[in-house]
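Trainee: Numbering (our numbering), first residue to last: 71 to 230.
Positions of the beta carbon are idealized from the N, C-alpha and C atoms, including for glycine.
Provided herewith is a single structure, encoded as structure tokens, for subsequent inquiry.
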Ligand SMILES: [Zn+2]
Ligand SMILES: [Zn+2]
């Protein structure tokens with residue numbers, strides 16, 4: 071099922087919801103601010119055509135990279151290698167910790183799913199069933215949408 075991560079317009083917190091055509095309002099868990107959303111039956115089936123937050127049709131796809139996880143792995147490797155050094159374990163093991171970390175990072179990154187993001191309002195969509203229709207990030211589109219409020223109506227500039 072598709073999940074949608076809105077950004078609270080009041081405090082900037084993430085608001086995670088499952089699309090429901092009957093839901094018209096979402097509430098922020100942190101500041102209790104309520105904002106309007108428009109879900110349709112496409113959303114319920116995981117099909118992304120219109121943004122439920124700003125009603126635009128311009129999205130880009132990217133890997134769901136979890137920066138926190140990357141940092142955690144790095145800290146873990148640093149701790150493990152420090153402990154190894156403390157106990158006088160062969161420094162080669164110290165090196166291998168980072169090699170393992172690198173490999174793990176590589177595997178994790180390759181397994182990451184594609185997510186879709188709305189250019190206009192930065193709403194994030196996970197488990198989108200038509201993700202293959204959504205193009206990669208385009209700098210020119212982003213600049214024109216963010217700085218000149220241009221609307222591409224779902225027709226990307228760079229259409230292959
Ligand atoms: Zn909030
Ligand atoms: Zn949007």
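1. Specify, as a first and last residue, the run of the beta strand (DSSP E) that residue 215 falls within.
2. Since residue 231 contacts residue 89 with CB under 8 Å, what's their CB separation in whole angstroms?
3. State the DSSP-derived secondary structure class of residue 193, mapped to helix, strand or coil.
4. Does ligand 1 have even one heavy atom less than 7 Å from the beta-carbon of residue 100?
5. In angstroms with no decimal places, state the Cα-to-Cα distance between residue 193 and residue 121.
6. Any idea if residue 190 is buried or exposed, counting beta-carbon neighbours within 10 angstroms, 16 or more meaning buried?
7. Determine the extent of the beta strand (DSSP E) in which residue 28 is found, giving its start and end residues.
8. Using a Cβ-Cβ cutoff of less than 7 Å, which residues in the same chain neighbour residue 220 once the five nearest sequence positions on both sides are dropped?
9. Hey, could you find the ends of the alpha helix (DSSP H) residue 114 is sitting in?
10. Just curious, the beta strand (DSSP E) that residue 76 is in, first and last residue?
11. Reducing DSSP to helix, strand and coil, say where residue 91 ends up.
12. Answer with buried or exposed for residue 109, where buried requires no fewer than 16 other C-beta atoms within 10 angstroms of its C-beta.
13. Rounded to whole angstroms, what's the CA-CA distance from residue 71 to residue 168? Just pull it up for me.
14. Please name the residue or residues paired with residue 97 in a DSSP beta bridge.
Mentor: So, to answer that:
1. Mapped onto the chain shown, residue 215 falls at position 145. Under the DSSP assignment, residue 215 falls outside any beta strand (DSSP E), being part of the alpha helix (DSSP H) whose first and last residues are 209-218.
2. Residue coverage of the chain in this structure runs from 71 to 230, which leaves residue 231 outside it and unanswerable.
3. Counting from 1 along the chain shown, the entry for residue 193 is found at position 123. Per DSSP, reduced to three states, the secondary structure at residue 193 is coil, with no helix or strand assignment.
4. Looking up residue 100 in the chain shown gives position 30. Flag set: Cβ of residue 100 near ligand 1.
5. Reading the chain shown from its first residue, position 123 is the one you call residue 193. Reading the chain shown from its first residue, position 51 is the one you call residue 121. Each residue's alpha carbon lies about 8 Å from the other.
6. As a position in the chain shown, residue 190 is number 120, starting the count at 1. Burial state of residue 190 is buried, judged by a 10 Å Cβ sphere holding 16 or more other Cβ atoms.
7. Any question about residue 28 goes unanswered here, given that the chain covers just 71 to 230.
8. On the chain shown, position 150 is the one that residue 220 refers to. Only 214 meet the Cβ criterion.
9. Locating residue 114 in the chain shown gives position 44, counting from the first residue. In the DSSP annotation of this structure, the continuous segment of the alpha helix (DSSP H) that includes residue 114 starts and ends at 111-114.
10. For the purposes of this step, residue 76 is identified with residue 6 of the chain shown, where counting begins at 1. The continuous beta strand (DSSP E) containing residue 76 extends over residues 73-77.
11. On the chain shown, residue 91 is found 21 positions in, with the first residue counted as 1. Secondary structure at residue 91: coil, using DSSP grouped into helix, strand and coil.
12. Within the chain shown, the letter at position 39 stands for residue 109. Buried, since its Cβ has 16 or more Cβ neighbours within 10 Å.
13. Here residue 71 refers to the residue found at position 1 when the chain shown is read from its first residue. Here residue 168 refers to the residue found at position 98 when the chain shown is read from its first residue. Their Cα atoms are separated by approximately 36 Å.
14. Here residue 97 refers to the residue found at position 27 of the chain shown. 104, per the DSSP bridge assignment.
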